Amino acid sequence: MFFKKKLKCSELANFLIKEITKEICDNWGVIENMLVDASNKSNETQIDNIYENHSVFMILAVLYLELNVAENLCGEDVYLSLRKHIVNSLAKSLGREEVDNIFTLHQMQFNDAAELGDNPLYGLSSSVYDALRLPFIASDDEEGYPSPMVLLAITTLLTSYVGTTKSVRSDYKLICD
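Sequential numbering from 876 applies to the sequence shown in the numbering used here.
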């Protein structure tokens, strides 16, 4: 009989934050180029550059997706424990209220898109689009709308960094702490 090693949610939270932050920061030039290229292809918006200090918004969005994976694969107890540890860890540098607000916004956009029958990832991508302060395409209403090409690029980027929780789960039994 095969017994899985145990891994505390606090350890997984620290690992996720470290690995996702490293991957996104190490690849920020590629991420920026992909978004600028998508903007240029749309011919509707122009993005000159995206500042590296905005990488935190991508990091938080990927962490949010990892939390969703944890909830779907492991249940609400693991999700709540993992979220608590991620928020506590990030609160040290970003502030608890800021982290909670961003995760709440991501959840609202994710759920709103799902309720409308859209892909929830597009809702999350819209949230990141707003956070990055990317330009909107002009329309008859005051707000305009996000560039579909840039939204697609953000969605592609977000999903390319997700999967750690699923792979860890295959080797470890997650323990709430």
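C-beta atoms are modelled at their ideal positions from N, C-alpha and C, and glycine is treated no differently.
It should be emphasised that the depicted structure is a prediction, and the values quoted were computed from it without experimental measurement.
Contact check, N956 vs C1051, beta carbons under 7 Å: For the purposes of this step, residue 956 is identified with residue 81 of the sequence shown, where counting begins at 1. For the purposes of this step, residue 1051 is identified with residue 176 of the sequence shown, where counting begins at 1. Residue 956 is actually Ser in this sequence, not Asn. Contact annotation: S956 and C1051 have beta-carbon atoms nearer than 7 Å.
Beta strand (DSSP E) segment containing Y926, residue limits: For the purposes of this step, residue 926 is taken as residue 51 along the sequence shown, with counting starting at 1. Neither: Y926 is in no beta strand (DSSP E) and is coded neither H nor E.
Contact belief for V953 with L1049 at Cβ below 8 Å, rounded distance in angstroms: If you number the sequence shown from 1, residue 953 lands on position 78. If you number the sequence shown from 1, residue 1049 lands on position 174. Sure, about 5 Å apart at Cβ, within 8 Å.
Other residues of its chain near T1039: CB distance less than 7 Å, five sequence neighbours each side excluded: The count along the sequence shown starts at 1 and reaches residue 1039 at position 164. Shown here for T1039: same chain residues with a beta carbon closer than 7 Å to its own, the five before and five after excluded, namely L891, E894 and E941 in chain order.
Sequence-distant residues of the same chain with beta carbon closer than 7 Å to D919, five excluded per side: Here residue 919 refers to the residue found at position 44 when the sequence shown is read from its first residue. Note that residue 919 corresponds to Glu in the displayed sequence, not to Asp. Once the five neighbours on either side are set aside, the close Cβ partners of E919 are I1012 and S1022.
Three-way DSSP call (helix, strand, coil) for Y1036 in this model: Translated into the one-based positions of the sequence shown, residue 1036 becomes position 161. Assignment of Y1036 by DSSP, reduced to helix, strand and coil, places it in the coil class.
Cβ-based burial, R1008 [other Cβ within 10 Å; buried from 16]: Here the question's residue 1008 lines up with position 133 in the sequence shown. Classification for R1008: exposed.
Burial state of F985 (16 or more Cβ within 10 Å): If you number the sequence shown from 1, residue 985 lands on position 110. Around the beta carbon of F985, 16 or more other beta carbons sit within 10 angstroms, so the residue counts as buried.
Minimum C-alpha distance to G970 - residue among M1024, V931 and I906: Looking up residue 970 in the sequence shown gives position 95. Just measuring C-alpha positions, the residue of M1024, V931 and I906 sitting nearest G970 is V931.
DSSP-derived helix/strand/coil call for L882: Here residue 882 refers to the residue found at position 7 when the sequence shown is read from its first residue. L882: strand per DSSP, three-state reduction.
Helix, strand or coil at M876 according to DSSP, with G and I counted as helix: The residue given as residue 876 occupies position 1 in the sequence shown. Only weak support is given to the placement of M876: the predicted model assigns it a pLDDT of 46, under 50, and the value that follows is read from those uncertain coordinates. Note: M876 maps to coil in three-state DSSP.
Reference N963, options G1019, V1025, S885 and M933, closest by Cα: For the purposes of this step, residue 963 is taken as residue 88 along the sequence shown, with counting starting at 1. Checked all of G1019, V1025, S885 and M933; the closest Cα to N963 is S885.
Alpha-carbon spacing of I922 relative to V974, whole angstroms: Position 47 of the sequence shown, counting from 1, holds the residue named residue 922. Position 99 of the sequence shown, counting from 1, holds the residue named residue 974. Between the alpha carbons of I922 and V974 lies a distance of about 26 Å.
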